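For reference, the structure discussed in these notes is given below.
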Ligand code: HPA
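Residue numbers (the numbering used here): 1 to 248.
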């Protein structure tokens, strides 16, 4: 089964026909909120809101382990994650959708692995390709069928948040090779791999990163929210197609 993790601006899926809700418990605590079970385009899916349904959980306090563990317990094998980002690369302007293919981790102090005891047999997640190539291709094909432009590839810089970035930090991420910056890509990407989930991100550019484009003095949150809301309409269209063609 496929699951969708909604981020900022996507705490509900209007086109999801909900059959039931379920509160989950895991050895790692509780996920961000009840899981919504339902059908999208006649296919079964699970939806969950990463920041909680009232959008109260900041990126560094999301229980990423509980979220992914509980999804796997429900028989999920594929996860499409929706994340908002700031655009560093010049073509990543507000409103652009992009499916990243690489990530750099600048987060700290988060529970970033399931292997956190000294007596468990552990494996080293093979992070060469952090995202599932087949799921990425499936999303991009679906976007093209849904006639929603979506860019193929880019490097996601995952920052600790919840504060936004300084211009010097963005310059550094750019020198490191990053194309976009967001706060939730890590450790979600690693944890999904540790659980053998096929995982990919649709990143939604909601603002220019600090010092880029019109963001010389700071971010206008009202504009960010308006951009996120408009872009989420496109994301919903893509998701309908992703789910409908699930299993190709
Ligand atoms: N920086 C970090 N995270 C973000 C941004 C940003 O500019 N926009 C959305 N998430």
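Ideal placement from N, C-alpha and C gives every residue a C-beta, glycine not left out. This structure is a prediction, so every number in the text was calculated from the model and none was measured.
Item: Cβ distance (whole Å) where residue 81 is taken to contact residue 241 below 8 Å; Value: That pair is no contact at about 17 Å.
Item: Any heavy atom of the ligand HPA within less than 6 Å of residue CB: hits in chain order; Value: 84, 85, 86, 159, 164, 165, 181, 182, 183, 206, 207, 209
Item: Cβ-Cβ separation, residue 32 to residue 52 (assumed contact under 8 Å), whole Å; Value: 5 Å
Item: Cβ-Cβ distance between residue 168 and residue 106 below 8 Å; Value: no
Item: Contact check, residue 200 vs residue 99, beta carbons under 8 Å; Value: yes
Item: 8 Å contact criterion, which residue 30 and residue 114 should meet: CB distance rounded; Value: Not really, about 16 Å apart at Cβ, beyond 8 Å.
Item: Supposed contact pair residue 36 and residue 16 - C-beta distance, whole angstroms, cut 8 Å; Value: 7 Å
Item: Candidates 125, 139, 120, 149, of which the one nearest residue 187 by Cα; Value: 125
Item: Length of the line joining the Cα atoms of residue 208 and residue 94; Value: 6 Å
Item: Residue 64 - DSSP class collapsed to helix/strand/coil; Value: helix
Item: Supposed close pair residue 184, residue 76 - CB separation, criterion 8 Å; Value: At roughly 18 Å, the Cβ-Cβ gap does not stay under 8 Å, so residue 184 and residue 76 are not in contact.
Item: Nearest-angstrom Cα separation, counted from residue 189 out to residue 155; Value: 13 Å
Item: Residue 251 versus 20, 79, 109, 144, residue with shortest Cα-Cα distance; Value: There is no way to answer for residue 251, as the model of the chain reaches only from 1 to 248.
Item: From 57, 72, 182, residue whose alpha carbon lies closest to that of residue 164; Value: 182
Item: Neighbour-count burial assignment, residue 92, 16 or more Cβ in a 10 Å radius; Value: buried
Item: Residues that DSSP places opposite residue 4 in a beta bridge; Value: 47, 80
Item: Integer Cβ distance of residue 43 from residue 243, believed to fall under 8 Å; Value: 5 Å
Item: Cα-Cα separation, residue 174 to residue 88; Value: 7 Å
Item: Straight-line Cα distance separating residue 161 from residue 225; Value: 18 Å
Item: Where residue 9 falls, given that 16 or more other Cβ within 10 Å makes a residue buried; Value: buried
Item: Minimum C-alpha distance to residue 85 - residue among 232, 238, 245, 237; Value: 232
Item: For residue 199: DSSP bridge partner residues; Value: 79
Item: The alpha helix (DSSP H) enclosing residue 245, as first and last residue numbers; Value: Counting along the chain, residue 245 falls outside any alpha helix (DSSP H), and DSSP gives it neither H nor E.
Item: Contact set for residue 122: own chain, Cβ-Cβ below 6 Å, skip 5 residues either direction; Value: 115
Item: Own chain residues within Cβ distance below 8 Å of residue 27, not counting five before or after; Value: 69
Item: Cβ separation of residue 151 and residue 96, assumed to be a contact under 8 Å, to the nearest whole Å; Value: 6 Å
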